[in-house]
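*Asks:*
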Amino acid sequence: MVRVLPHRGHETPDAWRGRASGFLFPEDREVAVAVRVDEGARVDRDAAEVYEPAARRRLEKETRRAVKKARVLFAVSEFTKRELVETFRVSADRVVVAPNAVNPAVFRTLDESTVAPILQRYRLSRHYFLYVGRMDAKKNVKTLIRAFELFKKDRGLGDPFELVLVGSKGYGFSEIKLYVEHSTVREHIKYFGYLPEADVAGLMNAATAFVFPSWYEGFGVPPLEAAACGCPSVVSDIGAHREVMGDAALYASPGEPEAWAKALKRMATEQTLRGELSAKGFARAAAYSWDATAKIVLDALRVV
């Protein structure tokens, strides 16, 4: 995703918080332009196959255009900055890291009187692993489902754990849907589609663990949101996750369902581990704030 902030007429970075659905570039070539890059540097490399072809071509085209046109590029992580520098031969001093953050008014620890009705609404116990994100190929949900099958097989009959999937449909959803329908543990997999943030926060508060097996991310906000709710995470062992989550998560290779199954087992059985990751997660979430990011953006725009 590439987002553009025209220098003129923007005294505050409010547009930064929005979810842009397209690529917008001012026609006035004299306007100083700041471009935010969430991801995209690897669209022409080994992650390409998990993007919808048309979207991938557009993403690469507009990223290259942004790199050529913009006076300053905002990357959401050091990882994304390195990708821009290495893939598009951008001078490092043109790229400013302005990270994402969590909305603390929504993603926080909640009391039982708030969480219980949410669990009741979705008919959930407190024995579940939670995934929140688009249901598309890039998010690698099929590996997660296979890992959950292995986990359930190891646990045996009567195991109460469920896999809860939350998110809108994306590229490759039909394959994911078929994968669930043919799963040996399909009766233990629940898909709720898109949910309000308040409900997501409630589900994060009660989950045994948050799971996020993406093949590629520029930052990866959902694990940080889970951390702010006190929920420990298992995430894919990729650069952005290592940077954002540090030692506040368990890691598993995105291509190894066996490794994911082992991580799920640890989360289900090691209460001390979960407590340690939860404590570290609070610190990681607190390290990022929109106020700090806004200052980074404004400071950079003032000198463009």
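Counting in our numbering, the sequence shown runs from 97 upward without gaps. Don't be surprised by glycine CBs; every beta carbon is placed ideally from N, CA and C. All values reported here derive from a predicted model rather than from experimental measurement.
(1) Can you check whether the C-beta of ALA201 is within less than 9 Å of a C-beta belonging to chain B?
(2) Compute the Euclidean distance between the alpha carbons of CYS408 and GLU208, then round it to the nearest angstrom.
(3) Could you pull out every residue in the same chain whose Cβ sits closer than 7 Å to the Cβ of THR210, ignoring the five residues on either side in sequence?
(4) Would you mind reading off the limits of the alpha helix (DSSP H) that contains TYR275?
(5) Select from LEU360, SER385, ASP343 the residue whose C-alpha is nearest the C-alpha of ARG251.
(6) What would DSSP say about ALA383, mapped onto helix, strand or coil?
(7) Please state whether DSSP places PHE378 in a helix, a strand or coil.
(8) Would VAL131 and ALA166 be called neighbours here (beta carbons separated by less than 9 Å)?
(9) Taking just the CA atoms, how far does VAL399 sit from PRO102?
(10) For the beta strand (DSSP E) containing GLU258, name the first residue and the last one.
(11) Taking VAL133 as the reference, which of ASN196, GLU258, PRO149, ARG153 has the closest Cα?
(12) My guess is that TYR227 and VAL307 are in contact by the Cβ rule of under 8 Å, so how many angstroms apart are they, rounded?
(13) Just checking, does the region 300 to 319 make contact with the region 229 to 248 on the three C-beta pairs under 8 Å criterion?
(14) Hey, how far is the Cα of ARG222 from the Cα of SER187?
(15) If I measure Cβ to Cβ from ALA382 and keep anything under 7 Å in the same chain, skipping five residues before and after, which residues do I get?
(16) Rounded to whole angstroms, what's the CA-CA distance from GLY342 to SER374? Just pull it up for me.
(17) In whole angstroms, what is the alpha-carbon distance linking LYS95 and PHE288?
*Replies:* Checking against the coordinates, here is how it stands:
(1) The question asks about chain B, but that chain is absent: this structure has only one protein chain.
(2) Residue numbering for the chain in the displayed model covers 97 to 400; residue 408 lies beyond these limits and cannot be assessed.
(3) Looking up residue 210 in the sequence shown gives position 114. Once the five neighbours on either side are set aside, the close Cβ partners of THR210 are GLY298.
(4) To locate residue 275, count along the sequence shown from 1; it is residue 179. 269 to 277 is the span of the alpha helix (DSSP H), which, as asked, contains TYR275.
(5) For this step, residue 251 is matched to residue 155 along the sequence shown. Closest option to ARG251, judged by alpha-carbon separation, among LEU360, SER385, ASP343: LEU360.
(6) To locate residue 383, count along the sequence shown from 1; it is residue 287. In this structure, ALA383 counts as coil in the three-state DSSP scheme.
(7) The sequence position of residue 378 within the sequence shown is 282, counting from 1. Three-state DSSP puts PHE378 in a helix.
(8) Position 35 of the sequence shown holds residue 131. Position 70 of the sequence shown holds residue 166. It is a contact, given that the beta carbons lie within the stated cut-off.
(9) Sequence index remark: in the sequence shown, residue 102 carries index 6 (1-based). Sequence index remark: in the sequence shown, residue 399 carries index 303 (1-based). Caution is warranted here: a pLDDT of 41 is assigned to PRO102, below 50, making its placement in the model unreliable, and the coordinate value is therefore given only provisionally. Looking at the backbone, the Cα of PRO102 and that of VAL399 are separated by about 13 Å.
(10) Looking up residue 258 in the sequence shown gives position 162. DSSP places GLU258 in the uninterrupted beta strand (DSSP E) bounded by 258 to 262.
(11) Looking up residue 133 in the sequence shown gives position 37. If we check each option's Cα against that of VAL133, ASN196 comes out closest.
(12) If you number the sequence shown from 1, residue 227 lands on position 131. If you number the sequence shown from 1, residue 307 lands on position 211. The beta-carbon distance between TYR227 and VAL307, rounded to whole angstroms, is 5 Å. This is short enough to meet the 8 Å contact definition.
(13) Because the criterion of three Cβ pairs below 8 Å is met, the region 300 to 319 and the region 229 to 248 touch.
(14) Taking the first residue of the sequence shown as 1, we reach residue 222 at position 126. Taking the first residue of the sequence shown as 1, we reach residue 187 at position 91. Between ARG222 and SER187, the C-alpha separation is close to 49 Å.
(15) One-based indexing of the sequence shown puts residue 382 at position 286. Excluding residues within five positions, none has a Cβ falling inside 7 Å.
(16) Here residue 342 is taken as the residue at index 246 of the sequence shown, counted from 1. Here residue 374 is taken as the residue at index 278 of the sequence shown, counted from 1. Distance between the alpha carbons of GLY342 and SER374 is about 13 Å.
(17) A question about residue 95 goes unanswered here, because the residues of the chain that appear run from 97 up to 400.
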